[in-house]
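Inspection log for the structure reproduced underneath, given as structure tokens.
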Amino acid sequence: MVFGAYYLTLAVEGAKGSGRAFRHSYEVQAAFDVGDIDLHASITLRPLPGSSLARRLEAAGTVAEGEASVTLETTRAASSSTRRSPRGSAT
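Structural data, given as structure tokens:
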């Protein structure tokens with residue numbers, strides 16, 4: 032399990048879609064589904080202040096509560112809020 036978690040959060044230099052920024056987790060999922068970003072692309076999440084995603088990041092201790100803006104650099108796999116495996120395979 033530890034190796035699986037490590038693999039899913041591993042950022043790969045030059046992965047397709049690296050450097051892109053998204054406001055919503057569903058945008059990340061949509062970009063992945065159509066092949067615009069790879070699983071290991073380094074992306075930035077910039078949720079709207081007060082949005083449910085920003086509140087979840089604050090609750091998880093990822094960002095300080097009440098920050099004017101929330102920015103999280105992550106990989107597509109680590110940003111997934113679903114329980115699906117890559118490309119929809121069963122978990």
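Mapping to the working numbering: the sequence shown position 74 is 105, numbers consecutive.
Glycine included, every Cβ here is placed at the ideal spot set by N, Cα and C.
These numbers were taken from a predicted model, which means no experiment stands behind them.
Item: How would you call residue 52, buried or exposed, if buried means at least 16 neighbouring beta carbons within 10 angstroms?; Value: exposed
Item: Which stretch, first to last residue, makes up the alpha helix (DSSP H) that contains residue 84?; Value: 83-90
Item: Determine which residues share a DSSP beta bridge with residue 53 and list them.; Value: 76
Item: Using a Cβ-Cβ cutoff of less than 8 Å, which residues in the same chain neighbour residue 79 once the five nearest sequence positions on both sides are dropped?; Value: 54 and 85
Item: With a threshold of 6 Å on Cβ separation, who are the neighbours of residue 63 within its own chain once the five nearest residues in sequence on each side are excluded?; Value: 107
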